[in-house]
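There are 2 protein chains.
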Amino acid sequence: MEQAISFTEENYLKTIYSLARQDKGKIANLSIAEKLHINPATVTEMLKKLNEKNLIDYNRIDGAALTPQGEALALKVIRKHRLWETFLVNRLSFTWDEVHEIAEQLEHIQSDKLIRQLDKLLGFPKFDPHGDPIPDKNGQLPQSQTFPLVSVEEPGTMVKLVGVANHTTAFLQYLDKIKLSLNDKIEVKEIHEFDHSMGIRIANRTAIMISSEVARNLLVSNQ
Amino acid sequence: MEQAISFTEENYLKTIYSLARQDKGKIANLSIAEKLHINPATVTEMLKKLNEKNLIDYNRIDGAALTPQGEALALKVIRKHRLWETFLVNRLSFTWDEVHEIAEQLEHIQSDKLIRQLDKLLGFPKFDPHGDPIPDKNGQLPQSQTFPLVSVEEPGTMVKLVGVANHTTAFLQYLDKIKLSLNDKIEVKEIHEFDHSMGIRIANRTAIMISSEVARNLLVSNQ
DNA sequence: TTTAAGTTCCAGGCAAACCTAATGATCATT
DNA sequence: AATGATCATTAGGTTTGCCTGGAACTTAAA
Numbered sequence: 001m002e003q004a005i006s007f008t009e010e011n012y013l014k015t016i017y018s019l020a021r022q023d024k025g026k027i028a029n030l031s032i033a034e035k036l037h038i039n040p041a042t043v044t045e046m047l048k049k050l051n052e053k054n055l056i057d058y059n060r061i062d063g064a065a066l067t068p069q070g071e072a073l074a075l076k077v078i079r080k081h082r083l084w085e086t087f088l089v090n091r092l093s094f095t096w097d098e099v100h101e102i103a104e105q106l107e108h109i110q111s112d113k114l115i116r117q118l119d120k121l122l123g124f125p126k127f128d129p130h131g132d133p134i135p136d137k138n139g140q141l142p143q144s145q146t147f148p149l150v151s152v153e154e155p156g157t158m159v160k161l162v163g164v165a166n167h168t169t170a171f172l173q174y175l176d177k178i179k180l181s182l183n184d185k186i187e188v189k190e191i192h193e194f195d196h197s198m199g200i201r202i203a204n205r206t207a208i209m210i211s212s213e214v215a216r217n218l219l220v221s222n223q
Numbered sequence: 001m002e003q004a005i006s007f008t009e010e011n012y013l014k015t016i017y018s019l020a021r022q023d024k025g026k027i028a029n030l031s032i033a034e035k036l037h038i039n040p041a042t043v044t045e046m047l048k049k050l051n052e053k054n055l056i057d058y059n060r061i062d063g064a065a066l067t068p069q070g071e072a073l074a075l076k077v078i079r080k081h082r083l084w085e086t087f088l089v090n091r092l093s094f095t096w097d098e099v100h101e102i103a104e105q106l107e108h109i110q111s112d113k114l115i116r117q118l119d120k121l122l123g124f125p126k127f128d129p130h131g132d133p134i135p136d137k138n139g140q141l142p143q144s145q146t147f148p149l150v151s152v153e154e155p156g157t158m159v160k161l162v163g164v165a166n167h168t169t170a171f172l173q174y175l176d177k178i179k180l181s182l183n184d185k186i187e188v189k190e191i192h193e194f195d196h197s198m199g200i201r202i203a204n205r206t207a208i209m210i211s212s213e214v215a216r217n218l219l220v221s222n223q
């Protein structure tokens, strides 16, 4: 019994997956409704349907959690999304703030061979242009110990930008403006207690100031 | 007033375009219904809708014909389809009998920049893996004077395979089996009057027999 | 125990894309 | 000019997928 999954259903699974990452645990109806900008009643309906299809475990008290099948499907969609983003940036000269919407369409294309070959063409990338990990064909996420820049407490610390936690066009274009790119080295020069703003040097250039909000959205690793 | 076009509507436009190529002129309701395997009443409904949107000129007596806008849209979809097929074969190692269904999905992705960049990546190809002409970004089709092999009347004629008129998996796999590929040289050795079957030599190999049905679906050019 | 927050149930709606069955129009031929 | 064949249209449904608002319920905290 091959059950077809609609675009909408795939998007719900993706949303539940990403909320579960953040919130650790079962997902409330309302948080899905807010994220997707739809009515909570609509969410209830869909959650019941996904529960029927064994893609989530759902009850009114605990909320929703992906079943293994649901998680596999969510990871597959995420894999496709991130591979397509990588393709768009690496092969078709898109900038990192342009690719999300197109990838939202491309992620629903159904063809296992297509995604396998695309992965191969791109050289089996582990991270997409935003630094997000790309699940492999078995749904395994590459490990990376990243942390938000804002959590650095010692001036003088050197880190490397490996990802962003905010994918909005506005934020990405801000990074372009301050000429901060993935894999750039960042040295924390000063940390201001009162607002957690930071002075940083990017790739040994002149130091600049960034707000704690920005620092919160920059994911970095040691060295 | 940007009016959204659904997948289904795009498919109707494509169908009308291709029928107009064959049948020269206005398209009857019934021929669309047969091609898409749907009920004529359904077709009537959709044709009225497309007429409303000024994508076709339609009345019950003459049938349907694409307006300039409708033709431009049809050509755009065909362009996308054929560029994606080219990408799949040239970059992702697909065979020519595997690509149609995936391209049917990919052709509906909306992004002008995507298709422009894809075209560039592929080196602005003029023909897809089946030899079908790819419309350029202005909807212009490259010219090529091809004719079906079956129309050759003189034994000894040398031609080149430049396309196929039948895109079914069965036919394409038959061509693979007899090791006939695009751009192969074909020499017509003998023509049998009674059934129009032909003896041909492909790329100077041993001669083989093909039926007139096969010869009808092989598009060739001189030299 | 009351209230607020969250969830669900219910009734309903809407659009897209398809169907059947009956009716209507057109045309070729006699 | 009549007739029958063919094709198109109308009318009335169905299904799928998505959505809404409002009433009612549950739960947990004040």
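So the sequences go chain by chain: Y and X.
Position one of the first sequence corresponds to residue 1 (full-length UniProt numbering), numbered consecutively onward.
Position one of the second sequence corresponds to residue 1 (full-length UniProt numbering), numbered consecutively onward.
Note that the Cβ used here is the ideal one computed from N, Cα and C, for glycine as well.
Note that the structure is predicted; figures quoted are calculated from it, not measured.
Residue contact check for residue 134(Y) against chain X: no CB pair falls below 8 Å. Shown here for residue 158(X): same chain residues with a beta carbon closer than 6 Å to its own, the five before and five after excluded, namely 187 in chain order. Excluding five sequence positions before and after residue 118(X), the CB atoms of its chain that fall closer than 7 Å to its own CB belong to 83, 87, given in chain order.
In the three-state reduction of the DSSP assignment, residue 20(X) falls in the helix class. Under the DSSP definition of a beta bridge, residue 133(Y) partners with 127(Y). Between residue 56(Y) and residue 105(X), the beta carbon gap of about 26 Å keeps them out of contact (Cβ cut-off 8 Å). Residue 93(Y) has a beta carbon lying within less than 8 Å of a beta carbon in chain X.
Sequence-distant partners of residue 65(Y) (beyond 5 residues in either direction) whose C-beta falls short of 6 Å from its own C-beta, in its chain, are 26, 57.
Beta bridge pairing from DSSP links residue 171(X) with no other residue. Apart from sequence neighbours up to five positions away, the residues of its chain that approach residue 14(Y) with a beta-carbon distance below 6 Å are 74, 77, ordered along the chain. The beta carbon of residue 207(X) sits closer than 8 Å to those of 189, 199, 200, 201, all from its chain and outside the five residues before and after it, given in chain order. Below 8 Å, too few C-beta pairs join the segment 167-175 of chain X and the segment 135-145 of chain X to call them touching: fewer than three.
The C-beta of residue 111(X) comes closer than 8 Å to at least one C-beta of chain Y. In the DSSP annotation of this structure, the continuous segment of the alpha helix (DSSP H) that includes residue 116(Y) starts and ends at 112-121. Distances from the alpha-carbon of residue 100(Y) to those of 193(X), 114(X), 94(X), 92(X) put 114(X) closest. Residue-level contact check: residue 117(X) touches chain Y, since one or more beta carbons of chain Y fall below 8 Å from its beta carbon. Within the segment 162-178 of chain Y, not one residue has a Cβ closer than 9 Å to any Cβ of chain X. In this structure, residue 220(Y) lies away from residue 180(Y), with their beta-carbon atoms at least 8 Å apart.
For residue 5(Y) and residue 52(Y), the gap between their C-alpha atoms comes out near 13 Å.
Among the bridge pairs identified by DSSP, residue 26(Y) is matched with none.
Counting only runs that start and end inside the segment 42-112 of chain Y, the beta strand (DSSP E) elements of at least 3 residues fall at 56-59, 63-66. The DSSP-derived three-state label of residue 193(X) is coil. Straight-line measurement puts the Cα of residue 126(Y) at about 31 Å from the Cα of residue 129(X). Its Cα nearest to that of residue 210(Y), the residue 178(Y) stands out among 222(Y), 47(Y), 203(Y), 178(Y). Listed by position along chain X, the residues whose Cβ is nearer than 9 Å to that of residue 102(Y) are 109, 110, 111, 113, 114.
Residues 148, 149, 161, 164 of the same chain have their beta carbon placed closer than 7 Å to that of residue 218(Y), with the five preceding and five following residues left out of the count. Less than 8 Å divides the Cβ of residue 184(Y) from the Cβ of residue 203(Y). For residue 201(X), no alpha helix (DSSP H) encloses it; the enclosing beta strand (DSSP E) starts and ends at 198-202.
Annotation: residue 124(Y) to residue 102(Y) spans about 21 Å, alpha carbon to alpha carbon. Here the alpha carbon of residue 63(X) sits roughly 14 Å from the alpha carbon of residue 12(X).
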